[in-house]
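In short: position in the sequence shown from 1, add 844, done, that's the working numbering. Glycine residues also receive a C-beta, built at the ideal position from the N, C-alpha and C atoms. Here is the structure we will look at, set down as structure tokens.
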Amino acid sequence: MKSGIKTFYLSLATVVSIVLFSSCDDPELDALMADYCDCISASRYETGKHIECIEKMDSIKSMYKDQPRKILKVIEKTDECY
């Protein structure tokens, strides 16, 4: 009986872990950051794009201002742009 309960809890823990880790992805944030990285790449050759890139980042930061985990993700992805 105890091994059945152990198996149940192990299965439950596995399912919960999978759900939690898969729910961390945010396609909207990924798309916004990809757009920002493209802007940064283009601004290397067009100095006029600097302001546009700054505005994009300001918009992203204001969108996620009350979500500290998402802001950390923004910082990580910003590092990948450079």
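Exposed unless 16 or more other CB atoms sit within 10 angstroms - verdict on residue 904: For the purposes of this step, residue 904 is taken as the residue at position 60 of the sequence shown. When all chains shown are included, residue 904 counts as buried.
Length of the line joining the Cα atoms of residue 911 and residue 846: Looking up residue 911 in the sequence shown gives position 67. Looking up residue 846 in the sequence shown gives position 2. Cα to Cα, the separation comes out at about 41 Å.
Where residue 909 sits in the DSSP three-state scheme: Indexing the sequence shown from 1 puts residue 909 at position 65. Here residue 909 sits in coil by DSSP.
For residue 900, the nearest candidate out of 891, 888, 919, 883 (CA to CA): Residue 900 sits at position 56 when you count from the first residue of the sequence shown. Of 891, 888, 919, 883, the residue nearest in Cα terms is 883.
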